[in-house]
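Asks: So for the sequence shown, the numbering used here puts the first residue at 38; every next one is plus one. For glycine and all other residues, C-beta sits at the position ideal for the given N, C-alpha and C. Quick caveat: nothing in here was measured; it's all calculated off a predicted structure.
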Amino acid sequence: MAERITWDDDIKSFFTQMDVGCMRAKGLDLSDYATVKSRAGDILDQLKMRVDNPNRGMPKGDRPWPQERIDAFEAWIKDCAPKTQADPGPPCP
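1) Unbroken alpha helix (DSSP H) runs of length 4 or more, entirely within the region 55-79: which are they?
2) Give me the Cα-Cα distance between Q54 and Y70, rounded to the nearest whole angstrom.
3) Could you tell me if R87 is buried or exposed, where buried requires 16 or more neighbouring beta carbons within 10 angstroms of its beta carbon?
4) Around the Cβ of A118, are there at least 16 other Cβ atoms within 10 angstroms (buried) or fewer (exposed)?
5) Taking the C-alpha atoms as reference points, what is the distance between W113 and Q104?
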């Protein structure tokens, strides 16, 4: 069985220091698991927007995430955003 995509092993490293600093100034802490988990759908929308239009969405001032990374982030959301491999996570809505 393949390992799950988790915050600790995968997702937190997707956000660069520049991403974290830029968005923290706007009130969104991308280095914080609970914050990213609670805003994951909005973040995903912004990431997809950036791919479609380089002047919109996030990350600002950087290239859009590769599709594989966006797919991994989306899979993490669909798996109830586990923090660790051992995290059973809450039931998905």
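Replies: Straight from the coordinates:
1) 70-75
2) 15 angstroms
3) buried
4) buried
5) 14 angstroms
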